[in-house]
Amino acid sequence: MLDTHRDSRAAPLLDAQGVSKSFGSTQALVDAALTLRPGEIVGLLGANGAGKSTLSRIVSGHIQPSGGEVRFRDAPLRLTSTRDALRRGIALVAQETSLAPDMSVLENIFLPDLATPGRLSYGGMRVRAREILSELGHDHALPLDAEVRTLSAAQRQLVEIAKALALDAQLIIFDEPTASLSTTEVNLLFDVMSRLRDGGRALAFVSHRLEEVFAITDRVTILREGRVVAEDVKTSSLSQGDIIQHMVGRDIGAIYAKREVASDDIGDRIFEVRHLRALPWVGDISFSVRRGEILGLGGLVGAGRSEAAEAIWGLRPRQGGEILVGGKPAKLRQPADAVRAGLGFVAEDRRAQNIIPDLSVRENLMVAQMGQHRGFGRGYGKRADRVARLISDLGLPADRLDTSLLNYSGGMQQKIIIARWLLTEPDILIMDEPTKGVDIGTRSSIYRMLQAAADDGLAVIVISSDFEELLGLAERVVVISDGVTIADLPADRLDEEKLTLLAAPRTSTARNQALLADLSRLHRADAFWTLLDDDGLICLAHAGHPDAPKSGLAAGEAMDFSQTMIEQALRTREPSFVAEPDGSRQTLLVQMTDKRGHDMGWIGLTIAGDAVPPDPGDIRVELQALTDETKEP
Amino acid sequence: MTDTVQGAPEDRDAAATDQRASGSIGLVGRILRSLEIRMLGLALLLAVILSLLSPFFLTERNIFNILDQSVVIGIVAVGMTFVILTGGIDLSVGAVFGLTGIILAQALQVMPIPLAIPAAVATGAGIGLFSGLLIAVFGLAPFVVTLGVMAIGRSLSFILSGQRSISGLPPELDAIVYSTFLGIPANVLFLLGLYLLAWVYLTYTKGGRTIYAIGSNKEAARAAGLSTMFYSILPYVVAGALSAVAVTFSLAQIMSADPLAGNQMELDAIAAVVIGGASLYGGRGSIIGTLLGVLIMVMIRNGLNLMGVSPFWQGTAIGSIIIIALLAERLINWRSNRN
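Protein sequence lines correspond, in order, to chains A and B.
At the far end of the first sequence sits residue 633, using the UniProt record's numbering, and the numbering has no gaps.
At the far end of the second sequence sits residue 339, using the UniProt record's numbering, and the numbering has no gaps.
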């Protein structure tokens, strides 16, 4: 209803104007503004350090502004604490949640109540918690008695939101809520946010992922260097380029400038992993990469990609598998072995796994080279030209090399860590989440760094949960799900939706696999689940039958229609069995969609050309019943 | 074109952070920000105060006296610096000092000096290796491991010595203390040489930088390909060996070995390192700071003695200095962080 009457917008619930905040001599906010109205989601955007977190922390009572006016429900708002803010109905759902890990879900939802004197009615709390969760559309998804420490990141966020609703929060700020969520979990969160909006709450969504901003927000406010540069603008009136330009103050061009790779630039297979096993996360992962190639390892958070990289690097014990460098088996027991074998590794968690805080910028840059150096000294004199060139490429003034790395932005830190490994002149560079915590203005220069490294003949392996990034950067993507390699596909065959379907946890695809097996047995058919393009396909799952002719599809493989045995059927996609011109086989294709109308691909059955086909209508009914069922919890 | 685009945001980025980090601090500020300079200032201030309080303090004889008294604790503090830089602690140095003293004294009864001293030093290193392996390989807490080694070491030195001091050491032993070079006693020269060596090692070698890296962020150091296992063990070996070296100088001076020697020496060594500005969390500190820490402690003891203050006040004085030094550091860090 609100969507059709945009002009008659509700009066603002919160109206902040001219807000400033200084920390010592640093001006975090100079002139910021934010207006939130009931029934709207406002995206609060800005590069790292633009002040979006500071502004959300002021609105939620974590810190007090130095100047400016904040009005709430048309009265001046002076918050003294977060408790004060919660009491008035303002809540912040942060990226790092503020839950008590050892307490139950129920206790966490009513944590603020635990501070009030008097007896608590657990029965009453239970009833109320169920009401809240059903309002969120997740009445069964959260066991109320589970300890919070056992929950996934997405479930914890749900608890955090429920906690805000328990206090009847009317204004909720989501501060980078999607940073640690998988694509599926992000969709669930967006469902919840839409429900809250439609229920008349005012929401702010802090993020730097633009595609999410377009997916969920109604309006955006953009900050740059502590000032508001676009206030309360309708999201649909902006393009991605407009937003980036506002955020960084200039046009940075396309974020992903696709690399032109001539096929003869791709060299020999320099690195290969076969059947890597590092329990409990890595079951069976295999991939290989060539010189000059950027390979993406795609999958959801928790699929075992980072763990596989750490196992290769010798940071986790391996139970099996073979690692080949330059075609020869390499025994990589510890990181030092991997460095000597010509590998470089930028781990996922920059602060915990990469930065050595008490060493200067220079030493952080040189540390991998020092480890590689065989000798008593530091080996800093080695490759002095290369060091000087890298430093000037990074735009690092020489007189700042002796300061602490922690003083630099996330983007600069990341570039220095990448440069650390480029200095060792590796053949293979493994990058885990290359742009985590890096603002959008700096991202493209990190991409260019990696592309330049590949142009120089390095084999680059990129791990990323950001599928857009993965597809923009990599030429080939190996998909990993539940610790197992699922597919190995050229990036230009994929898009984000296909990758999401491929990367789905095996538990959620087990039913489809079972269904294919049933269909195959029942109809003596070669059964498959596939994604179709105009002339290509990606097969997600496959079940063969000894009596059935082969369709030519195999799970995890991409192929052109002409490479299959059922080209005619794939091209026509008739709602009935289609015979191939040679009469050898006939195929039925049924399109699948989920409840929200998303394309889930096609289920196909190939039977012998002379077999009596079953009724397509029956099969269609059978399949649709199943997809509806899988969507219910 | 690509270059300008690439460079632009970072220049601004770096410029902004630089302003934040050291914006209005000039040359004087930068010098004052150096920890060693502040400690040197503290040491000189203390020297001035003590020379005003006692006319004997600034005599040549007393200065050599102070240096002489710094030798034994100074040597032990070098090992302790190595250990603390990795984020560890070694409570066993005093007990190893006592035990290797007894072993050295007994060895001297049966073998010549050039064999007996290396044997004692090797024993000290071996004990350090034992602690280091337990800590680095099995991941036991340094505090607990070295507490255990301390108890074992002290107990063994009583058993080996039969609860008696051992005297009758060869008189030639005193050459390592009483010979001089250019008018400087050999033991003082050794101390200065040792500190120079340790400074060069910690500053300019792979091993030294690895020790700092381990104390700062062991996981990152390991992921960067440094040999964190080896360099986590090495400091304990160095500390054990240097305890034995220190007891050699001590024996040469007093010509007898006492099973109780080095009692509570670990506390003095830790105090010197901490006064010298090292962080007990590791990664931060310097060998020059430790030397100044040793000198500050010895000067306080010496000054109080000269003034005839009861030795029981020494603990109060040194404890206060430790607390004041730490507090001053914290306040200075707060201020520079605010800037």
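By construction, the Cβ of each residue, glycine as well, lies at the ideal position given by its N, Cα and C atoms.
According to DSSP, is I504(A) part of a helix, a strand, or is it coil? Reading off the sequence, residue 504(A) comes out as Ala, not Ile. Looking at A504(A) - three-state DSSP - the assignment turns out to be coil, as it is neither helix nor strand.
Give me whichever residues DSSP pairs with P76(A) in a beta bridge. R71(A)
Taking 6 Å as the limit between beta carbons, can you name the residues of its chain near S22(B), skipping five residues before and five after? The predicted model places S22(B) with a pLDDT of 40, which falls under 50 and marks its position as unreliable; any figure quoted below should be read in that light. Result list for S22(B): empty, nothing under 6 Å.
Are at least three pairs of beta-carbons, each pair with one atom in the region 104-111 of chain A and one in the region 119-134 of chain A, less than 8 Å apart? yes
At 3 residues or longer, what runs of the beta strand (DSSP E) sit wholly inside the region 214-291 of chain A? 219-224, 227-234, 269-278, 282-290
Quick check on DSSP: helix, strand or coil for I152(B)? helix
Would you mind working out which of A611(A), R219(A), G249(A) sits nearest V229(A), comparing C-alpha positions? G249(A)
Go through its chain and collect everything with a Cβ distance to G215(B)'s Cβ below 6 Å, but skip five positions before and after it. L85, T86, G87, G282, G283
Mapping DSSP to helix, strand and coil, what is H542(A)? strand
Checking contacts by CB at 9 Å: is E10(B) closer than that to chain A? A caution first: E10(B) carries a pLDDT of 37, below 50, which makes its placement in the model unreliable, though a value can still be read off. Judged by the 9 Å Cβ criterion, E10(B) is in contact with chain A.
Could you please give me the residues that DSSP links to L429(A) through a beta bridge? G344(A), V460(A)
For chain A, check one thing: does any of its Cβ atoms lie closer than 9 Å to the Cβ of T146(B)? no
With three or more beta-carbon pairs closer than 8 Å as the criterion, would you say the region 370-379 of chain A touches the region 404-418 of chain A? no
Going by DSSP, which residues form a beta bridge with G139(B)? According to DSSP, G139(B) bridges with nothing at all.
Which same chain residues end up closer than 7 Å to A213(B) when comparing Cβ atoms and leaving out the 5 residues on each side of it in sequence? A221, L226
With respect to 8 Å, is the separation between the Cβ of R83(A) and the closest non-hydrogen atom of the ligand COA below this value? Summarising the ligand content, the structure contains no ligands, and the ligand COA is consequently not present.
Hey, could you find the ends of the beta strand (DSSP E) F205(A) is sitting in? 202-206
Using 8 Å as the Cβ pair cut-off and three pairs as the minimum, do the region 200-208 of chain B and the region 342-361 of chain A touch? no
9 Å Cβ cutoff, S216(B) in contact with chain A: yes
Within 9 Å (strictly less), CB to CB, does D31(A) reach chain B? no
What in chain B is Cβ-close to I355(A), meaning under 8 Å? N217, A220
By the criterion of Cβ-Cβ separation under 8 Å, what are the contact partners of T205(B) in chain A? F376, G377, R378
Would you call the CB atoms of M431(A) and I463(A) closer than 9 Å? yes
Can you tell me whether DSSP reads W313(A) as helix, strand or coil? coil
When the cut-off is 9 Å and only beta carbons count, does H373(A) lie next to chain E? No chain E is part of this structure, whose protein chains are labelled A and B.
Quick one: what's got a C-beta closer than 8 Å to R383(A)'s C-beta in the same chain, skipping five residues either side? Q369, L423, E425
Interface residues of chain B around V339(A) at Cβ under 7 Å? G225
Can you look up Q27(A) in the DSSP assignment and give me helix, strand or coil? strand
What did DSSP end up calling I321(B) once you bin it into helix, strand or coil? helix
Would you mind telling me which residues of chain B sit closer than 9 Å to D358(A), beta carbon to beta carbon, in chain order? Y212, A213, G215, S216, N217, S279, G282, G283, R284
Measure how close the beta-carbons of A303(A) and A503(A) come, nearest whole angstrom, since I'm counting them as under 8 Å. 7 Å
Name the chain A residues that come within less than 7 Å of R209(B), Cβ to Cβ? E363, M370, R378
By the DSSP assignment, the alpha helix (DSSP H) with A527(A) in it spans what residues? From DSSP, A527(A) is part of no alpha helix (DSSP H) but of the beta strand (DSSP E) over 526-532.
Using the Cβ count rule (16 or more neighbours within 10 Å means buried), how would you classify E293(A)? buried
So what's E266(B) in DSSP terms, helix, strand or just coil? helix
Report yes if the CB atom of G267(A) is closer than 9 Å to the CB atom of V477(A), and no otherwise. no
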